[in-house]
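The next block holds one structure in the form of structure tokens; read it before the comments.
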Amino acid sequence: MTLRPPDGLWSTRGTVLVFAAVVGPTLGSLALVHNGDLTHTLVAVRTLLVACGALVATGLLIGHGRLAGNDQSLWLATAIGILATTGLARGGYGLTHPNGLEMHTANVLVGGVALTVVLTALLLCARRWGGPVNPLVVGVPLAVAFLVGQQLLIIADPQMDAGLLPVFAVLLCLAVIGLAVAVQRLDTLPQWARDRLTLAVCLCVASRILLLPSAPLDEAAQGVISIAVGLAGSLLLATTAAALLREVMTDGQRQLVELQRRLAAAEAERRIDSARLHDINSLVAGIASASRLIRDLPPSDHRAGLEVMVLAELERLQRLLADRAPKPGRVRGWARRGRPTGYEGTFNVAEVTGRIALVHRARGREVAWEARDVRVAGDPDDLAAILDILVDNAAAHGNADDISIKVRRLQHQVEISVADDGPGIPAELHESLFDWGTRGPESEGSGIGLASAAALASRLGGRLELDATAPGTRMVLTLPEAVMQASEELAVAGF
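Using my numbering, the first residue of the sequence shown is number 1266, and each one after it goes up by one.
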């Protein structure tokens, strides 16, 4: 039998709160109606404690059933609610009529047996056929019927042999065993909850049997022990229902966190795809323009250079498209362009900047290019994508006529600048310039390019910044210069 709820579902503070919810109404009733008879008062207090615990459990189980969509939990709440209703009526009657329940002990036991049998049948039937039926439609009439039947028994006062009390007690125990079996068959509830509910029912009934005159204890001791056992069963019942409700609420929070994580991952993937589409559009435009020039040019060194450039851009496009599907080793937040995850080779910056300048010249843009033979580590496709974005922005959004790409070495760093003679970027956009979705008030762009360029610059180990002091717009990409070993220098030299 598993009686301990999973870790994190319950605490001592929760038990104290449930204790207050169970004991508070009982003490209030006792303060309002006190007949001075200790024995009969203890009997009524035991009944009220169990009824209050059942009432608290009913409300919590209804909450659990609604949040979890658990029909069995709702039917269990209905059964416990009927027990709570009849118990409250019986406890109140015991406080106001001190000798009434003692004279009707046999009648009360018979009523308890009948109620337990009906509720057992209710749970067993509801487990199989109760889905389409609203539990309230069944529970409210049953509760009213038992309240009326209980009152009629008290009024009619049928005389029963006191010697039958042990028989009725045994029948009540057998009926409770049946109810416990019905609770254990509620398979949509966790096992720990079913075990705790079963024990709670048994304790509540045991507290009633301890009050029978045949018990080998004096009346005061019977009352105290009965209250202790009843309170334990009542608390166990209410805390189990509260733990179930907290479990479904915690599950809801976990599901919300998981949903937020998935949404964040989907947003990251969307940004990757948007940035890739941005690169593809730029690549295709450059290749198409160069292809038209090649078609119209006679054989020459210029045409040969364009053909080499188109071939290099087609290879870059192929790598970009090859990385469309997720692969093992993919870098979260940006793709590796089809290169191995550990790609850390060096490349000549002049080759990349020259090719990008030629691509944009083929598209009819005035692009000046000054470069030095310096090498940096990383993926040359990343640098090509950054320069593509910067030149595109200068031509499309900056309304620039003259665009320049310059490369220079600063100590152990390489500075690559893309400048234009356009109107510049508004000062209010400087702070958020590299944030995703930032664009000027008159821009027709999507605000993707500069955010993507900054991410690529960071992956290359550098940074992309705006030179706010320069006329027009001047974007500066700073990268660490590659430190080459002797073997690498020989390889570059062709040995």
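Using N, Cα and C, we set each Cβ at its ideal position, and we do this for glycine too. These numbers come from a predicted model, not from an experiment.
- For Glu-1578, the enclosing alpha helix (DSSP H) stretches over residues 1566-1587.
- Nearest to Met-1740 by alpha-carbon distance, out of Glu-1746, Thr-1734, Ala-1747, Glu-1730, is Glu-1730.
- In the structure shown, the three-state DSSP call for Gln-1678 is strand.
- Residue environment analysis places Pro-1400 among the buried positions, since at least 16 neighbouring C-beta atoms fall within 10 angstroms of its C-beta.
- Remark: C-beta atoms of Thr-1463 and Val-1283 do not approach each other more closely than 8 angstroms.
- C-alpha of Leu-1582 to C-alpha of Ser-1669: approximately 24 angstroms in a straight line.
- Counting only the Cα atoms, Leu-1417 lies some 42 angstroms from Arg-1278.
- Looking at the DSSP output, Asp-1483 bridges to nothing.
- Using a C-beta cut-off of 8 angstroms, the region 1346-1362 makes no contact with the region 1513-1532, since fewer than three inter-stretch Cβ pairs fall below that distance.
- A contact between stretches requires three or more CB pairs, one per stretch, nearer than 8 angstroms, and the region 1313-1329 fails this requirement with the region 1535-1544.
- By the Cβ criterion, the region 1610-1622 is not in contact with the region 1505-1513, since fewer than three pairs of Cβ atoms, one from each stretch, lie closer than 8 angstroms.
- From the listed residues Leu-1384, Ile-1345, Val-1321, Thr-1306, the smallest Cα separation to Gly-1357 is found for Thr-1306.
- Looking at the DSSP output, Phe-1612 shares a beta bridge with Val-1641.
- By the neighbour-count criterion, in which 16 or more other beta carbons inside 10 Å mark a residue as buried, Pro-1397 falls on the exposed side.
- Positions of the beta strand (DSSP E) runs, each at least 3 residues long and wholly inside the region 1447-1509, cannot be given because no such run exists.
- Judged by DSSP secondary structure, Ala-1718 falls within the alpha helix (DSSP H) whose first and last residues are 1714-1724.
- Taking Val-1639 as reference, the option from Ala-1633, Ala-1650, Leu-1655, Thr-1611 with the minimal CA-CA separation is Thr-1611.
- In the DSSP assignment, Val-1375 is bridged to no other residue.
- Contact between the region 1646-1659 and the region 1547-1565 is established, with three or more Cβ pairs separated by less than 8 angstroms.
- In summary, Pro-1406 is exposed, with fewer than 16 beta-carbon neighbours lying within 10 Å of its beta-carbon over all protein chains present.
- Within the same chain, Ala-1322, Leu-1325, Leu-1326 come within 6 angstroms of Ala-1506 by CB-CB distance, once the 5 residues on both sides are set aside.
- Under the three-state reduction of DSSP output, Trp-1340 falls in the helix class.
- Between Val-1672 and Glu-1696, the C-beta spacing is not below 8 angstroms.
- Per DSSP, the beta-bridge partners of Val-1741 are Ser-1682, Glu-1730.
- Bridge pairing for Val-1672: Ile-1681 [DSSP].
- The alpha carbon of Arg-1393 has as its nearest neighbour, out of Thr-1453, Ser-1682, Val-1378, the alpha carbon of Thr-1453.
- Residue pairing of Ala-1440 in beta bridges, as defined by DSSP: absent, with no partner found.
- In this chain, Val-1398 is not harboured by any beta strand (DSSP E), its DSSP state being neither H nor E.
- In this structure, the beta-carbon distance from Phe-1411 to Leu-1380 falls below 8 angstroms.
- For the 8 angstroms CB-CB criterion, Gly-1687 and Gly-1702 do not form a contact.
- Between Val-1310 and Ile-1492, the C-beta gap is smaller than 8 angstroms, which places the two residues in contact.
- One thing to note: Leu-1501 has its Cβ no nearer than 8 angstroms to the Cβ of Arg-1450.
- Distance from the Cα of Leu-1292 is smallest, within the candidate group Phe-1699, Leu-1496, Leu-1579, for Leu-1496.
- Exclusion of the five residues before and after Ala-1577 leaves Arg-1620 as the residues of its chain whose Cβ lies within less than 8 angstroms of its Cβ.
- DSSP, read as helix, strand or coil, puts Glu-1631 in coil.
- Excluding five sequence positions before and after Trp-1275, the CB atoms of its chain that fall closer than 8 angstroms to its own CB belong to Thr-1504, Ala-1507, Ala-1508, Arg-1511, given in chain order.
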